[in-house]
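Visitor: Structure incoming, see below.
Numbering (our numbering), first residue to last: 51 to 267.
This is the structure we're talking about:
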């Protein structure tokens with residue numbers, strides 16, 4: 051993640067430790083993947099109560115931009131900054147593979163470099179990436195255009211019950227969601243793992259390029 055951010059900004063990102071509470075001067079907060087607190091109790095549940103998350107909530111309340119990837123997405127849902135929850139993968143095992151995402155809303159800071167319907171490749175690596183929400187929340191997300199990305203085939207076809215295109219079984223093939231003001235995005239796959247030809251491609255680069263453009267404009 052740090053490499054992706056440095057690639058598009060030209061400077062190394064500031065690292066924040068979980069017990070810190072001072073986010074002064076930050077333009078963007080990124081919660082990366084990992085296994086915070088060993089994923090004990092529930093993925094992201096303990097991290098959601100760490101001191102830094104109070105500062106992150108305050109940052110969000112002021113309209114700050116926040117990106118959460120994988121465990122970062124789980125923390126955002128556990129902290130109430132994004133709706134829904136991430137359950138065990140439908141296959142009940144850890145998955146590490148490439149997948150394809152279809153852009154559902156291109157009018158956000160996170161998707162502005164794409165067009166609606168664009169498809170890009172990105173790796174995923176998680177055991178608890180099965181997105182779920184109650185019917186009312188799902189209806190609200192869909193109706194308000196707050197689904198940022200869906201799992202899809204390479205051709206852009208979405209089929210929620212197809213394990214090849216929706217490997218973790220997420221409801222409505224949802225791979226990423228947005229806050230009400232579109233300034234917070236959480237997603238399970240790892241776009242930061244494809245931002246350089248040496249990584250095997252640059253499919254994830256538009257997310258970071260567009261996000262930086264939105265933050266600094």
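Glycine is no exception: its CB is placed at the ideal position from the N, C-alpha and C atoms.
1. For residue 241, collect the residues of the same chain with a Cβ closer than 6 Å to its Cβ; drop the 5 residues on either side in sequence, then sort them by chain order.
2. Would you call residue 226 buried or exposed, if buried means 16 or more other Cβ atoms sit within 10 Å of its Cβ?
3. Quick test of your reading: residue 265 and residue 148, contact by CB under 8 Å. State the CB separation rounded to the nearest angstrom.
4. I'd like the span of the alpha helix (DSSP H) that includes residue 147, first residue to last.
5. Applying the 10 Å Cβ sphere with the 16-neighbour rule, what's the burial state of residue 216?
6. Less than 8 Å between C-beta atoms, sequence neighbours within five positions excluded: which residues of the same chain meet that for residue 233?
7. Inspect the beta-carbon positions of residue 139 and residue 85 and report whether they are closer than 8 Å.
8. Give the secondary structure of residue 173 by DSSP, where H, G and I count as helix, E and B as strand, and everything else as coil.
9. DSSP state of residue 243, grouped into three classes?
10. Go ahead and label residue 127 buried or exposed: buried means 16 or more other beta carbons lie within 10 angstroms of its beta carbon, across all protein chains shown.
11. What does a CB cutoff of less than 8 Å around residue 80 pick up in its chain, not counting 5 residues either side in sequence?
12. Look up residue 200 in the DSSP assignment and give the residues it is bridged to.
13. What does the alpha-carbon distance come out to for the pair residue 99 and residue 70?
14. So, helix, strand or coil for residue 121, using DSSP?
15. Is it buried or exposed for residue 161, if we count other Cβ within 10 angstroms and need 16 for buried?
16. Find the nearest neighbour of residue 137 within the set 221, 108 and 129, judged by alpha-carbon distance.
17. Please check the pair residue 195 and residue 155, which I expect to be a contact at CB under 8 Å, by giving their CB distance rounded to whole angstroms.
18. Does the Cβ of residue 22 have 16 or more other Cβ atoms within 10 Å, making it buried, or fewer, making it exposed?
19. DSSP on residue 131, reduced to helix/strand/coil?
20. If I follow the unbroken beta strand (DSSP E) through residue 81, where does it start and stop?
21. In the DSSP assignment, find the beta strand (DSSP E) that holds residue 236 and state where it starts and stops.
Guide: On the basis of the coordinates in this document:
1. Apart from the 5 residues on each side of it in sequence, residue 241 sits with its Cβ closer than 6 Å to the Cβ of 172, 254 and 257 in its chain, given in chain order.
2. Classification for residue 226: buried.
3. In this structure, residue 265 and residue 148 do not form a Cβ contact; the two beta carbons are roughly 28 Å apart against a cut-off of 8 Å.
4. Per DSSP, residue 147 belongs to no alpha helix (DSSP H); it is in the beta strand (DSSP E), 145–153.
5. Buried: at least 16 other Cβ atoms inside 10 Å.
6. 110, 113, 114, 115, 116 and 159.
7. Annotated as distal: residue 139 and residue 85, with beta-carbon spacing of 8 Å or more.
8. Note: residue 173 maps to strand in three-state DSSP.
9. Under the three-state reduction of DSSP, residue 243 is assigned to helix.
10. That one is buried.
11. Only 51, 55, 63, 116, 117, 118, 119 and 122 meet the Cβ criterion.
12. Per DSSP, 152 and 224.
13. Here the C-alpha atom of residue 99 lies approximately 12 Å from the C-alpha atom of residue 70.
14. Correct three-state label for residue 121: helix.
15. Result: buried.
16. The closest CA to that of residue 137, considering only 221, 108 and 129, is found on 221.
17. For residue 195 against residue 155, the beta-carbon gap comes to about 5 Å, under 8 Å, which counts as contact.
18. With the chain represented from 51 up to 267, any question about residue 22 goes unanswered, as that position is not in the structure.
19. Correct three-state label for residue 131: coil.
20. 78–81 is the span of the beta strand (DSSP E), which, as asked, contains residue 81.
21. It spans 234–237 - the beta strand (DSSP E) in which residue 236 sits, taken as one unbroken run.
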